[in-house]
Amino acid sequence: MMSKTLAVGAQARSRGVRMPWRKIAIWMATALWIAPVLWIVATAFKPRAEVYTLAILFRPTLDSVISAFGSPYLLGARLLNSVLVTAGTLAMAIPVSTLAAYAFSRFRFPGGQAGPLLLLATQFLPPVIIVIPLFVVFRHLDMLDTRWALMIANLSFVVPYATWMIKGFFDGLPPDMEEAAQIDGASRLRAMWDVVVPVALPGIATAAIFCFVVSWNEFFYALVLTREQAVTLPVALMSARTEQGDAWDVMASMGLFIIAPMLLISRFVQRYFVRGLTAGAIR
1 MMSKTLAVGA
11 QARSRGVRMP
21 WRKIAIWMAT
31 ALWIAPVLWI
41 VATAFKPRAE
51 VYTLAILFRP
61 TLDSVISAFG
71 SPYLLGARLL
81 NSVLVTAGTL
91 AMAIPVSTLA
101 AYAFSRFRFP
111 GGQAGPLLLL
121 ATQFLPPVII
131 VIPLFVVFRH
141 LDMLDTRWAL
151 MIANLSFVVP
161 YATWMIKGFF
171 DGLPPDMEEA
181 AQIDGASRLR
191 AMWDVVVPVA
201 LPGIATAAIF
211 CFVVSWNEFF
221 YALVLTREQA
231 VTLPVALMSA
241 RTEQGDAWDV
251 MASMGLFIIA
261 PMLLISRFVQ
271 RYFVRGLTAG
281 AIR
């Protein structure tokens, strides 16, 4: 009895020793993740004279934000381009991906899973290989430096991933659901829309978040396919780097507008995102 008591006490002490170190490790990892964000926020509101100092206490100012909206940075126009390109990409990618995912999940094609695998295999190519033919096509169509060109380019890499994500949720739903609706007189498309899509909404929301984040942060395609009119926020950051030096305060102000929408969107759709990941893990 005494030995058991000593063993339990030793386990409790060792567990108590391990727990603080785990908490410390978690706090350190959290601090490393938050520190760059806090630096961006602080730099965006610092007076220009204090940008290169390590001052923690300072008088906040909006001078950097105001400068970012002026020439030559034109943050307002760049922000509008990013919003429209991302919204347009989502508006086209989610319906297309949902229909493609449903088709791959419910229908049998020659070659079995070769179709979905080939769709995903397109993402194994380096972006530089894909952007060259896109550049040539858009130049012949006079679509360079347009939002439509960026939307189409974004679709080339968000649709395959979104299709695979949504397909995983459709695979976990029994076909009996839409078959019962078809017996009641609904068409297959109507059965999919009224029966399957509401149940798979967490998975579709997860795919939408993925498409939003990737499209909002996309840099390489926007750098190659735009010049002035359709420049988005990630590319606009480069305008703050000049021969005279880097305007870190302006870059931080632009960074705030890049980070804020992702945080807000993630906050409002968090429950769908968690449900989607949980459901996908269970399946």
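Residue 197 in full-length UniProt numbering sits at position 197 of the sequence shown, with consecutive numbering throughout. The beta carbon of each residue, even a glycine, is placed where N, CA and C say it ideally should be. No experiment lies behind these values; they were computed from the predicted model shown.
- In this chain, the alpha helix (DSSP H) harbouring Pro95 covers 75 to 106.
- In summary, Gly168 is buried, with 16 or more beta-carbon neighbours lying within 10 Å of its beta-carbon over all protein chains present.
- Annotated as distal: Met143 and Val85, with beta-carbon spacing of 7 angstroms or more.
- In the three-state DSSP reduction, Arg241 falls in the strand class (E or B).
- Residue environment: Leu118 is assigned as exposed (fewer than 16 neighbouring CB atoms within 10 Å of its CB, all protein chains considered).
- Taking Ile130 as the centre and dropping the five residues before and after it, the same chain places the C-beta of Ser156 closer than 7 angstroms to its C-beta, in chain order.
- Per DSSP, reduced to three states, the secondary structure at Asp249 is helical.
- Straight-line spacing of the CA atoms in Thr30 and Ala42 works out to 18 angstroms.
- A direct Cα-Cα distance of roughly 32 angstroms separates Phe212 from Asp176.
- Counting only residues of its own chain and dropping the five nearest sequence neighbours on each side, Ala208 has a CB closer than 7 angstroms to the CB of Leu90, Ile94.
- Looking at the backbone, the Cα of Gly111 and that of Asp194 are separated by about 30 angstroms.
- The region 249 to 269 makes contact with the region 69 to 88; the number of CB pairs closer than 8 angstroms reaches 3 or more.
- Straight through space, the alpha carbons of Lys46 and Asp249 are spaced by roughly 7 angstroms.
- Comparing alpha carbon positions, the residue from Trp148, Leu99, Gly70, Ser71 closest to Ala230 is Trp148.
- Of the candidates Trp164, Thr146, Phe104, the residue whose Cα lies closest to the Cα of Gln123 is Trp164.
- Tyr52 counts as exposed, since fewer than 16 other beta carbons sit within 10 angstroms of its beta carbon.
- Residue range 188 to 191 is occupied by the alpha helix (DSSP H) that includes Arg190.
- A distance of 7 angstroms or more separates the beta carbons of Val37 and Ser253.
- Excluding five sequence positions before and after Tyr221, the CB atoms of its chain that fall closer than 8 angstroms to its own CB belong to Pro127, Val131, Leu134, Leu150, Ala153, Asn154, given in chain order.
- Asp171 places its beta carbon 7 angstroms or farther from that of Ser97.
- The continuous alpha helix (DSSP H) containing Pro116 extends over residues 114 to 121.
- Shown here, Met177 sits in a helix according to DSSP, grouped into three states.
- Here Ala236 is not near Ala247, since their CB atoms are 7 angstroms or more apart.
- By a beta-carbon distance limit of 8 angstroms, Tyr73 does not contact Val196. Their separation comes to about 46 angstroms.
- Its chain contains Phe69 as the residues whose beta carbon lies nearer than 8 angstroms to that of Gly76, once the 5 sequence neighbours on both sides are disregarded; these appear in chain order.
- With a contact defined as Cβ atoms closer than 8 angstroms, Leu233 and Arg78 qualify at about 5 angstroms.
- The region 22 to 76 contains no complete beta strand (DSSP E) run of 3 or more residues.
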